[in-house]
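Quick note: the sequence shown uses the numbering used here, first residue 188, plus one each step. Glycine is no exception: its CB is placed at the ideal position from the N, C-alpha and C atoms. Scroll down for the structure; my scribbles are underneath it.
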Amino acid sequence: EQHKNNDEKIISSNWERPALGTIKCNYDAAFDPNLRRIVAGWIARNNQGVAQFWGSSNLRTAISALEAEGKALLCAMQSVWAMGFDSIIFQGDNESLAKIIEGQQEDISVLNLVDNIKNWKRKFTHIR
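So, in C-alpha cells, the structure goes:
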C-alpha cells in the first residue's frame, strides 16, 4: 500500500525511515529462469522518504534468483557509491542473501559474488 502526502512523496506504509544523514536504498531483481536473464532496479531515499536517485540495469545472466538478487545488490552498491553516499542502508527481499552475506548461511554458488559484495561494503563509512 502506498500513500501520497501533500509534498507529492509516495511512501509505502511499511517503509521505515533511515536516520538523518543516512540514505536507504531498496533494490530488487527480476529473474527469468528460462532465459536466465536479470534486470535490476533500485531507489535511494533520504529520511523524509524523498527519492535521491534511482536506476535500473540489464545485468545479463544468472543461474538462480539468489544470484540475481546478489547482482542487483552489487549494482545498487556501486551506484550509491558513485553518487557519493557513504552512510547507507540496503534493503532487498531475499532473506537467504542477507544471511549469506552476514555469515549465517552458506551457498557455494554465490561465493565469489558475496566476496565481491563484502569488498564493496568496506567502501562505505556506515552500511547495513
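Taking Asn-233 as the centre and dropping the five residues before and after it, the same chain places the C-beta of Ile-210, Gln-239 closer than 7 Å to its C-beta, in chain order. Runs of the beta strand (DSSP E) lying entirely within the segment 197 to 236 and spanning at least 3 residues, in chain order: 197 to 199, 210 to 219, 224 to 232.
DSSP, reduced to helix, strand and coil, places Ala-238 within a strand of the structure shown. The C-beta separation of Ala-259 from Tyr-214 comes to about 5 Å, placing the pair in contact by the 8 Å criterion. Contact between the segment 216 to 232 and the segment 241 to 255 is established, with three or more Cβ pairs separated by less than 8 Å.
Secondary structure at Ser-296: helix, using DSSP grouped into helix, strand and coil.
A direct Cα-Cα distance of roughly 24 Å separates Gly-271 from Ala-285. Here the alpha carbon of Ser-274 sits roughly 10 Å from the alpha carbon of Lys-310.
Here DSSP, grouped into helix, strand and coil, assigns Asn-281 to coil.
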